[in-house]
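Here the structure comes first, spelled out in structure tokens, and everything after it is commentary.
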Amino acid sequence: MHKIDMDLVEMTMDVMKYAIDRLSSTQNKIGKPLKEEELKALVGDTITKDGIGGEKAFNLWKKHLTKSNVPIDHPRHLAFVPASPTRAAVMFDLVTSASSIHGAYWMEGAGGIFCENEAMRWMVSLTGLPKGAFGVFTSGGTAANLSAIVTAREYWRSLNEQNKLEKGLIITSIGAHSSVKAMAKVADIDVLLVDTEDRLQASALKDKISGLTPHQRERLFAVVATGGTTNAGIIDDLEGIANLCEAEHLWFHVDAAYGGGALLADSVRHEFKGIEKADSITIDPHKWMFSPYDCGAVIYKNPELAKQAHAQEGSYLEIFKDEGAHGFNPTDYQIQLTRRVRGLPLWFSLATHGTDRYKEAIERGIELAQIAGRMIDEKPHVELVRAPSLSCVLYRRKGWHAEDYRHWTYENHEKGFALVTPTKWKTGDTFETVSRFCFINPDTTEEDIEAILDSMV
Ligand SMILES: *Cc1c(COP(=O)(O)O)cnc(C)c1O
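Residue numbers for the sequence shown follow the working numbering, beginning at 337 and rising by one.
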């Protein structure tokens with residue numbers, strides 16, 4: 337497979353040229369998702385006994401398949417939580433692949449893991465967690481939340497014999513990300529929700545805990561607060577919740593998968609006060625820290641507890657724990673064994689640009705949300721649902737119903753103009769369909785925002 341022939345050299349040049357073109361182009365189109373049958377009709381059979389050849393496969397990719405993707409970094413892609421990986425990070429993602437590093441154990445991946453840990457040390461410093469706190473890169477926020485919840489549950493079970501027989505229980509709010517509920521299911525843990533999509537206050541959490549039956553209270557072991565809700569960018573009352581968790585002896589997890597990047601932004605850092613008291617924190621560098629997919633992270637106040645929950649045992653693995661293999665083993669702190677050193681592109685990009693550039697780019701996302709908020713205030717056909725928070729803006733087009741928003745989204749997508757999707761916002765007992773912006777890409781312009789709003793007239 338590794339025999340160098342001229343075809344391979346040529347192919348390598350073609351691929352590098354494609355990557356360079358992609359990275360230097362500012363006019364990447366918003367692609368159109370064709371149906372599977374349509375794609376199949378365009379490309380035919382690609383997996384055959386003899387192979388169709390790299391050149392043909394690559395041409396099919398360039399001619400048809402890539403056009404059926406929406407580049408997440410398009411400046412008018414403001415749906416979900418978009419991303420905007422730096423060129424330096426993307427280039428180093430290629431290097432990461434080419435280096436074939438098994439990132440589970442120091443014994444094999446010391447150089448790569450060293451770089452990951454440099455980036456991680458910086459991320460930990462943003463949180464204000466005490467000395468000894470540390471973390472690892474994961475495939476994303478979902479895996480980070482699962483790793484943290486399982487660590488918390490295993491710690492709780494280690495406290496007494498009764499807990500080992502019980503099904504655990506956690507409390508979060510309806511503003512929490514879907515992955516918290518999904519991962520609780522994976523870990524067979526019950527979830528109770530405080531019924532608010534707005535800021536989760538310590539007082540509401542306290543009421544919820546007071547309302548538990550004695551048996552539920554015994555089963556309760558953790559609270560998950562959100563540091564920037566995915567839907568609206570709302571930061572829960574982290575300080576109040578931290579104090580309550582301390583008093584109630586509960587594990588305090590902060591899900592800052594989306595919002596964690598804003599720990600860098602002086603303009604909003606105070607809103608995260610209390611995060612430094614967390615037992616564990618999720619931050620996704622592939623959301624607001626400009627890393628390519630996929631790159632999440634989980635950070636623990638006491639990493640030793642994560643190791644007790646996650647370190648894998650096996651005769652074939654014992655060598656990695658030997659003296660000669662001394663060092664940090666990322667596999668011990670999260671759910672995955674074999675892993676890509678997915679923090680490596682982040683390290684290279686941080687080393688290239690310095691952390692101030694990151695700060696500026698994140699502040700720009702927050703500023704774009706404020707600018708969008710002012711434009712919405714000024715235009716008669718739209719209005720804010722709530723004040724912009726972090727880089728999220730929820731607004732309504734006066735008089736529109738759910739179908740109007742959906743139709744508008746599809747039409748803009750079809751035209752390759754923009755990807756802006758509707759969401760729902762809960763007030764009282766009603767869910768209203770509204771429009772939503774989430775700004776990540778610092779290259780989104782005020783003209784982009786204006787054009788999108790004007791397309792709703
Ligand atoms: C996106 C998100 C997640 C899930 O992260 P993935 O990287 O998509 O797995 C979890 N929590 C919050 C708050 C998020 O915004």
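We put the CB at the ideal spot given by N, CA and C, even for glycine. Quick caveat: nothing in here was measured; it's all calculated off a predicted structure.
**OP:** May I ask you to report which of helix, strand or coil DSSP gives L726?
**Re:** coil
**OP:** Check whether the Cβ of G595 sits closer than 8 Å to any heavy atom of ligand 1, and report yes or no.
**Re:** Judged by the Cβ position, G595 qualifies as a neighbour of ligand 1 at the 8 Å threshold, a heavy atom of the ligand being closer than this.
**OP:** Could you tell me the boundaries of the beta strand (DSSP E) in which F473 lies?
**Re:** 470-474
Original post:
According to DSSP, what are the bridge partners of L528?
Top reply: I507
Original post:
Should F838 be labelled buried (16 or more other beta-carbon atoms within 10 Å of its own) or exposed?
Top reply: Outside the shown range of the chain (337 to 793) lies residue 838, about which nothing can therefore be said.
Original post:
Is the stretch 595-608 touching the stretch 646-653 in the sense that three or more CB pairs, one from each, lie closer than 8 Å?
Top reply: no
Original post:
Can A440 and L673 be called in contact, C-beta distance under 9 Å?
Top reply: yes
Original post:
Grouping DSSP H, G and I as helix and E and B as strand, with all else coil, what is S483?
Top reply: helix
Subject >> Neighbour-count burial assignment, D572, 16 or more Cβ in a 10 Å radius >> reply: buried
**OP:** Output the residue ranges of the beta strand (DSSP E) runs that lie fully inside the stretch 422-477 and measure 3 residues or longer, sorted by chain position.
**Re:** 470-474
**OP:** Sort out for me which residues DSSP pairs C774 with in a bridge.
**Re:** Beta-bridge partners assigned by DSSP to C774: C728.
Original post:
Taking all protein chains shown into account, do 16 or more other C-beta atoms lie within 10 angstroms of the C-beta of A561, making it buried, or fewer, making it exposed?
Top reply: Residue burial annotation: A561 is buried, with at least 16 other C-beta atoms found within 10 angstroms of its C-beta.
Original post:
Is V333 near ligand 1, in the sense that its beta carbon is under 8 Å from a heavy atom of that ligand?
Top reply: Residue coverage of the chain in this structure runs from 337 to 793, which leaves residue 333 outside it and unanswerable.
Original post:
Roughly how many angstroms separate the alpha carbons of F775 and P407, rounded to a whole number?
Top reply: 15 Å
**OP:** Helix, strand or coil for Y354, going by three-state DSSP, please let me know.
**Re:** helix
Original post:
Taking the alpha carbon of Y669 as the point to measure from, which residue in K500, L730, N567, E490 has its own alpha carbon closest?
Top reply: E490
**OP:** Thinking V431 and L359 are a contact (beta carbons under 8 Å), I'd like their distance in whole angstroms, please.
**Re:** Incorrect: roughly 14 Å between the Cβ atoms, too far for contact.
Original post:
So does the stretch 377-386 actually touch the stretch 409-427, counting three or more Cβ pairs closer than 8 Å?
Top reply: no
**OP:** Compute the distance between the beta-carbons of W761 and N579, then report whether it is under 9 Å.
**Re:** Result no, Cβ atoms of W761 and N579 do not sit closer than 9 Å.
Subject >> With 16 other Cβ atoms within 10 Å as the buried cut-off, status of E374 >> reply: exposed
**OP:** Compute the minimum distance between the beta carbon of L513 and the heavy atoms of ligand 1, and state whether it is under 8 Å.
**Re:** Per the sequence shown, residue 513 should be read as His rather than Leu. Within the cutoff, so yes.
**OP:** Label E533 either buried or exposed according to how many other C-beta atoms from any shown protein chain fall within 10 Å of its C-beta, with 16 as the threshold for buried.
**Re:** Label assigned to E533: buried.
Original post:
What separation, rounded to the nearest whole angstrom, lies between the Cα atoms of P628 and G476?
Top reply: 11 Å
Original post:
Does ligand 1 have a heavy atom nearer than 8 Å to the CB of T566?
Top reply: yes
Original post:
Which value, in whole angstroms, describes the spacing of the CA atoms of L556 and V472?
Top reply: 26 Å
Original post:
For G569, is the classification buried or exposed, using 16 other Cβ atoms within 10 angstroms of its Cβ as the cut-off for buried?
Top reply: By the 10 Å Cβ count, G569 comes out buried.
Original post:
So is G504 buried or exposed if we call it buried at 16+ other beta carbons inside 10 Å?
Top reply: buried
Subject >> Alpha-carbon spacing of W442 relative to T667, whole angstroms >> reply: Here the alpha carbon of W442 sits roughly 10 Å from the alpha carbon of T667.
Original post:
T618: beta carbon under 8 Å from a heavy atom of ligand 1?
Top reply: Yes, since a heavy atom of ligand 1 falls inside the 8 Å radius drawn around the Cβ of T618.
Original post:
At which residues does the alpha helix (DSSP H) containing T402 begin and terminate?
Top reply: Per DSSP, T402 belongs to no alpha helix (DSSP H) and is neither H nor E.
Original post:
Excluding sequence positions up to five away, which residues of its chain have a Cβ less than 8 Å from the Cβ of I785?
Top reply: L704, I707, A708, M711, F773
Original post:
Does the Cβ of K613 have 16 or more other Cβ atoms within 10 Å, making it buried, or fewer, making it exposed?
Top reply: buried
Subject >> Exposure of A647, with buried meaning 16 or more beta-carbon neighbours within 10 Å >> reply: exposed
Original post:
Quick one: what's got a C-beta closer than 6 Å to G679's C-beta in the same chain, skipping five residues either side?
Top reply: E452, A455, F473
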